[in-house]
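K.L.:
The structure that follows is given in the form of structure tokens.
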Amino acid sequence: MGTDSCPLVHVGYLLSGRPHVGMNDGSTLDLEAGELCVIPSGHDAWVVGDEACRLLDWGGKVPEHAAPVDQSMGGTR
1 MGTDSCPLVH
11 VGYLLSGRPH
21 VGMNDGSTLD
31 LEAGELCVIP
41 SGHDAWVVGD
51 EACRLLDWGG
61 KVPEHAAPVD
71 QSMGGTR
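For what it's worth, the working numbering labels the leading residue of the sequence shown as 1, then goes sequentially.
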């Protein structure tokens with residue numbers, strides 16, 4: 001995204017992997033598979049170990065980073 005930290009909020013369920021999340025304020029969050037999570041904006045994250053991180057993320061996108069919607073299909077932004 002070209003930012004120092006992620007501006008999105010992630011709300012999801014971790015299927016696999018062990019992400020470590022570092023927040024702009026210096027706090028950290030370690031997640032394990034099978035957990036529900038809310039990751040606030042202003043973070044960076046990386047995977048600990050060799051297992052790929054797979055997250056079902058149903059958090060919203062901030063409008064300036066959302067993909068455009070095809071208005072001809074009746075979509076709204």
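Backbone N, C-alpha and C define an ideal beta-carbon position, used for all residues, glycine too.
Looking only at its chain, what residues have a beta carbon closer than 8 angstroms to the beta carbon of residue 49, apart from the 5 residues adjacent to it on each side?
P.N.:
17, 18
K.L.:
DSSP beta-bridge partners for residue 36?
P.N.:
Residue 36 is bridged to 13.
K.L.:
Using DSSP's beta-bridge definition, name the partner residues of residue 46.
P.N.:
Partner(s): 20.
K.L.:
Could you have a look at residue 8 and say whether DSSP puts it in helix, strand or coil?
P.N.:
Under the three-state reduction of DSSP output, residue 8 falls in the coil class, being neither helix nor strand.
K.L.:
On the DSSP letters alone, give me the boundaries of the beta strand (DSSP E) that residue 99 sits inside.
P.N.:
Here the chain covers residues 1 to 77 and nothing more, so residue 99 does not appear.
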